[in-house]
Every structure is written in structure tokens, then in C-alpha cells.
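In the numbering used here, the protein residues as written are 52 to 726. Below is one structure, written out as C-alpha cells, with a few remarks after it.
Below is the structure:
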């Protein structure tokens, strides 16, 4: 009969076992304790690189090797991040002895999805990277929660040694190359514009070119979208087939380049051999001209219209909705794009889309108000299409008549009242100018009876010019005022026509009144040649601006007058900007009012000082008062304009210099901080 083992053993032996078990449990309780951050003693040993303590804990308490803190970091994460390569080696050795599946600890990820190799790459721990890579090469392709692999991060660090090590990693067998990456390492090289690493990776691992991002795009898609011309050239040199691959949205790399306005990338891609124009279409049936127009990339539109390989692009290509590029430009209401398209004779303005509408129909139907009351961009677009004879289809006319847009009678009535007020003011001023002619008139008791009451400067050529322009201005304003009376009859359409007929007459009156004023001032100061010429030059400058904006409405916009193309384009750009039109016009009007008011104040001050010039004290006092009050508007205007204009603006520079000069003389000035 066998006795129990406890009976056969001596009592001292059993007591030793109990003490050993108690000691182990006590030590286990100590080593299992956590810091407020969830770190074990092994985490701390890994952080400080104390190999002896790490070896003791890892050997006797192997379960701590995979313990995680509140951020999900294992001791291996901490050791890799802290560049403790000896602790990394120790943990890897202990892990291999305790786990049958070699390398399992290397694939554990923290809360951010980073493995220990991710952390080693972040800290550029070359020794740790080598150890981790030798233990498990496949982890080089593991993705964190941002879709980034250690190889991707290595490229971001621009460390060639790390990249060379990780490039040796094979792709996982359970994931084919096109799907094993959230972002290809080539994406990182393109992002950092690192042509050296890009060439090396493409040469060593060509399969990286076919990795897809979350949108299904290849590295060539990304290079084209970011405008990296050199990267596009490197990728195309290795394989031109990637230029024909769609992403999940059905777009080629050249479509992305057109979308973001990268003309140089478009040029590089179009230099390749393309079978035919149909290859360059996306899933919506749109070519690069469609996309550039839709995204308002004017530089791409101009290049496509003027490029040499015209056979690659059908300028009248229809997408799946039957829309050409001109249809899309009308839908987006972009005058500058419409101007570029309509100047090209190859653009057909008569094409109907699948709904039976022309580009003109789309523009008219998009507007909710009559064309005469539209915002500036829509008016310009209408004038551009109308000038090239863009027709309205029968369906478009029918839809416009059925839409029944209610006329904004109140708006046109307000405009009529404002225009009538301007016309009457011009008539009043020009009428009074005839009886207060420059130079005055001969007195009624003049010895020569033929000269009595006649203008003194009547024989001067400038006087005759003044009278002629003043008469035309007077008659034009009176005729415009008379025409506006028809706008009061109550019929909306009659009011519209009367308003625009009067608008042209008032415009003519303003031009003539300006010319009459310049002629009068020139006549008065004709004895001072430089002042007379300066006044004439200023008048010519402003008259040119007024007439320039008039050209925009008078001349056609199409190909009828090609010599005026650059002028028309410049004027369209001056009126239509990417900024809000209302803000632009408000600032322009504000500038002109300011430029008019400030010289007027100076002129008034000079005139008063001249009148009291015989009283020196009073003259000096008035001059000082004028300088004091003139300083206030400039002090307020300069800080405001500093946010509105760049510092090369001549008006801003002039005001700033005036304000600084006045302040330097000791007069009060508001403090300004020019940012």
C-alpha cells in the first residue's frame, strides 16, 4: 500500500513549498500593481531601459509581457518608443519561449492601432526596428487606425536606412497587394515630395504602384491630385498603364489634375500615348474639359482649348446627361469660363442635352428673376451667350413662359426713381453752367456794345468745347428724364424698356458733363501750362475708365471683333471676381468717394486760406484747423484699408504717408497697427 506523498516527505519539505508559494503569490501581487496610467513595473523598466529588472519580471511573471496600460501600450511598445533596444530584445526572447506562435507580441496594437514597430519608426529607433523586423517581417505592412503602415511612416521620416530595411518585407499571404494598404508608402513619398525615395521604392517594389487608398486611388491618382509633376513623371516612366485606372468614383488621374487646376500635370499626362478620346472619359461620360469647367479651373480650360493634341478632346462631347462643357458653364454661371469657350469657333452653341435644352436655356431657367434684374455674373453670362447667337430651344421658351416669374415691380420702381434723380441733377448742373461760364462775361456798360453780356473767353477753342459738351449733357439728361416718365404708366415691360433707354442717355450725359468740366478747368488755368495739362490728363484717365466699362455693354463678346478680345476679357475680369461682387463694387465705390472727398476738403481749405490771405493770423489758424480735421478721416481710413488692400496699393500708400507726415508734425493721430 502506497502512502500519500505528504506523508513520505519530511515536514521541512512541505513547509518550504508553502513558503515558496506564499512568496510567489506575494511577489505576483507586487508586480501586478499598476500606476495611475495603468503601467506595470515592466512598463517602467522598459521606459528606463533597466534590463536586469525587465529580465527578472519577464522570466518569473511572463503574463506581464502582454499587459497593457490605459493607452493600450504593452511593455514592448514602451521599450520601442524609448529606444531601449536591449529591453526590446529581451521581451522578444521571453515572448518566443512562452508562446508557441512566434511573433504574436509584435502584432499587438494599442488604442491608436500602432504596433511596437510603428512606435519604433516614430522614434527612429534603428536598432529596435531591426530587432522587431527580424522577429516578424509581416508586421511592416500592418495598418494602424489611420491606415498607415510602419513602411508608410518610415517614408514620412525620410530616413533611407529605415526604408531600406522595411522594403524587404513580403506582402501578407492573406491579403493581396491592392488591398493590403490604407495608404501606399508611395503616397508618403509623394506627400513629402521625396523623389529619391519614390524612385527607389518604385524600382525595388513595383507592386507598390498598384496599392489603393480608401478612395480606390493609386499613387498616380494622388500625385496628380496634389500637382506633383515630378512624381507623376517618375510613376509614368515605370508604368503608363496606371494612367488608365479608375478610382472608386470612376476618375482617372488626369481627371483629378483637371479638378484641382494642375495644368502642368495635365500636360505631362497628355504627353502619353492615348488610344482615342473615349479613353479619357470618366464614369459620367465627362472629359477633362467638362471637369475643368465644372470646377471653374480657367487655366485648365485655356490649355485644353489651345493644346496641340486636339484629337484627344472632343470639345462638344456629351456626358451621360447630354451636357457639353458649355452647358455646365451655363449651369455654374461663370462668365470668364463662358468667355473662353465662346471665343473658340469649335464650340457648338446649338447642341441640345438629353432634356432638349441649349446652354442658353439652362442659363435663363437657372435665374429666378428677369434677366434685366439679375446679379452681375448672370448678366455678363447672358450677354456673352447672346453675343455669339446662342439660341433658346422651343422647349426652353415654353418652360420660361410657363414658369411665371412674378416681376419685381418695386425693385424697378426704385431704380427708376434713382435714375430720374440723377438725370435731373445733371440737367440742373449743366443748365446752371451756361450762365456761370468760365472766365465770366463782359459787363453791361462795356464800351463795345457787341461784347456786352458776352463771355470773355468766347474765342478760345476750349470754351467752344465746353459749350458743346455741356449742351449735349443737358439734352441727354433731359431726354433721359422724359423717357423715364413712361416707366410710371404701370406696365412692367414698358418700365424695363424705358429704364434701359434712359440709362444709356444718362450715361452719355455723365460722360459729356465730365468732358465739359475738364474743358472749363483747362480754360480757367490755361496760363499755368503744367496745371492745365495735369487737369486734362486726370480727365482723360477717368473718362477712359468710364468709356472702358461702357465697351463691356456696347461691343459684342464673341468672335465678331477678335481684336477687342483682350480688352473684353480684362473688363470681364474687372467686373467678375471670385470674391463677392457686392463687396467688390462697394469697395470700389468707397475708394472713388474717398478720393473725391479728400481732395475736395483740401481744395476748400486752400480756397478759404486764399480769401483771408491778407490776415496772416487767421490764414494760419484756418490752415491748422484744416490739417487737424483732415487727419481724422485718414486716421480712420488707413487701419480699415490695411485689411482691405495690400500695401502696394497706391491709395493706401498715399493715405498712410499723409497720416504719418501729419502725425510727425505733432498733430493728434489714432494709433495704427499695420498687420
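Just so you know, even glycine gets a beta-carbon here, dropped at the ideal spot from N, CA and C. Predicted model, so just to flag it, every value in this text is computed and none were measured.
Item, Value
"Just the Cα atoms here: how many angstroms apart are residue 172 and residue 240?", "16 Å"
"Output yes or no for whether 8 Å exceeds the beta carbon distance between residue 377 and residue 416.", "no"
"Buried or exposed: where does residue 221 fall if 16 or more other Cβ atoms within 10 Å of its Cβ makes it buried?", "exposed"
"I need the boundaries of the alpha helix (DSSP H) containing residue 517, first residue and last residue.", "512–535"
"Check for me: the alpha helix (DSSP H) holding residue 260 runs from which residue to which?", "No alpha helix (DSSP H) holds residue 260; DSSP gives it neither H nor E."
"For residue 612, name the three-state secondary structure that DSSP assigns.", "Because the pLDDT at residue 612 is just 49, under 50, the model does not fix this residue reliably, and the point stays unresolved."
"Spatial neighbours of residue 729 within its chain, please: CB distance less than 7 Å, with the 5 preceding and 5 following residues excluded, ordered by chain position.", "Past the boundaries of the shown model lies residue 729; the chain is included only from 52 to 726, so the question cannot be answered."
"DSSP on residue 304, reduced to helix/strand/coil?", "helix"
"Given a cut-off of 8 Å, decide if residue 127 and residue 104 are closer than it, judged by their beta-carbon atoms.", "no"
"Which residue from 340, 362, 346, 365 puts its Cα closest to that of residue 353?", "340"
"Candidates 349, 384, 403, 526: which alpha carbon is nearest residue 375's?", "403"
"Using a 10 Å radius around the Cβ and a threshold of 16 neighbouring Cβ atoms, would you call residue 560 buried or exposed?", "buried"
"Cutting at 7 Å between CB atoms, please list the residues of its own chain near residue 280, excluding the five before and the five after it.", "315, 316, 319"
"Going by the DSSP bridge assignment, what does residue 506 pair with across the sheet?", "492"
"Under a three-way DSSP split, which group does residue 102 fall into?", "helix"
"Could you check the C-alpha separation between residue 88 and residue 96 for me, to the nearest Å?", "15 Å"
"Which of the three DSSP states, helix, strand or coil, is assigned to residue 397?", "coil"
"Sorted by chain position, which residues of the same chain lie with C-beta nearer than 7 Å to residue 120's C-beta, five sequence neighbours on each side aside?", "88, 89, 90, 94"
"What residues in its chain sit with their C-beta under 8 Å from that of residue 290, if we drop five residues either side in the sequence?", "257, 260"
"State the Cα-Cα distance for the pair residue 394 and residue 586, rounded to the nearest angstrom.", "39 Å"
"First and last residue of the alpha helix (DSSP H) that includes residue 417?", "410–417"
"Provide the residue span of the alpha helix (DSSP H) that contains residue 185, from first to last.", "177–186"
"Would you kindly report the start and end of the unbroken alpha helix (DSSP H) that includes residue 439?", "Residue 439 -> no alpha helix (DSSP H), and no H or E assigned at all."
"Got a sec, what are the start and stop residues for the alpha helix (DSSP H) residue 381 sits in?", "376–383"
"For the alpha helix (DSSP H) holding residue 173, just list the boundary residues, first then last.", "167–173"
"Rank 596, 469, 524 by C-alpha distance to the C-alpha of residue 551 and give the top, closest one.", "469"
"For residue 163 and residue 195, which I take to be in contact (beta-carbon distance under 8 Å), what is that distance rounded to the nearest angstrom?", "6 Å"
"Give me the Cα-Cα distance between residue 518 and residue 491, rounded to the nearest whole angstrom.", "14 Å"
"Rounded to a whole number of angstroms, what is the C-alpha to C-alpha distance between residue 268 and residue 408?", "35 Å"
"So residue 183 and residue 131 are supposed to be a Cβ contact under 8 Å. How far apart are they, rounded?", "7 Å"
"Classify residue 440 as buried or exposed, calling it buried when 16 or more other Cβ atoms lie within 10 Å of its own Cβ.", "exposed"
"How far does the alpha helix (DSSP H) with residue 203 in it extend, from its first residue to its last?", "201–208"
"What would DSSP say about residue 358, mapped onto helix, strand or coil?", "coil"
"Starting from the C-beta of residue 582, find all residues in its chain whose C-beta is less than 7 Å away, skip the five residues before and the five after it, and write them out in chain order.", "576"
"Since residue 179 and residue 136 are thought to touch, with beta carbons under 8 Å apart, how far apart are those beta carbons, to the nearest angstrom?", "5 Å"
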